[in-house]
């Protein structure tokens, strides 16, 4: 992620504030449109998770790490990629939509 920001000319120190700002805006979006807002935020979350599962990226990780370490890395990054959406849906009591 840091390399992508550097390629676009942004500082790596904007990553965490950018993620926090995204979830704050998403939270107010869900408050404004509770019917379908949660689905849209979940769709954006899936887009992030699809980026994590890119074939070349996973092939690169497999070549660097052992199988156990590779699976640990994938679990941690999937958890970190979706924790914001999970917390936001918990605050709005929309967790049943996460199960579906």
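Numbering (our numbering), first residue to last: 14 to 113.
No residue lacks a Cβ here, since even glycine has one placed at the ideal position from N, Cα and C.
CA nearest to the CA of residue i, picked from the options
i          : options           : result
residue 88 : 104, 62 and 102   : 62
residue 83 : 93, 72 and 92     : 72
residue 31 : 66, 97, 86 and 67 : 97
residue 95 : 58, 21 and 85     : 58
Spatial neighbours of residue i in its chain, beta-carbon cut-off 7 Å, leaving aside the 5 residues before and after
i          : result
residue 36 : 97 and 101
Contact check, residue i vs residue j, beta carbons under 8 Å
i          : j           : result
residue 43 : residue 103 : no
residue 91 : residue 65  : yes
residue 39 : residue 54  : yes
Next on the checklist: What ranges does the beta strand (DSSP E) occupy inside the region 25–62, keeping only unbroken runs of at least 3 residues that lie completely in it?
Outcome noted: none
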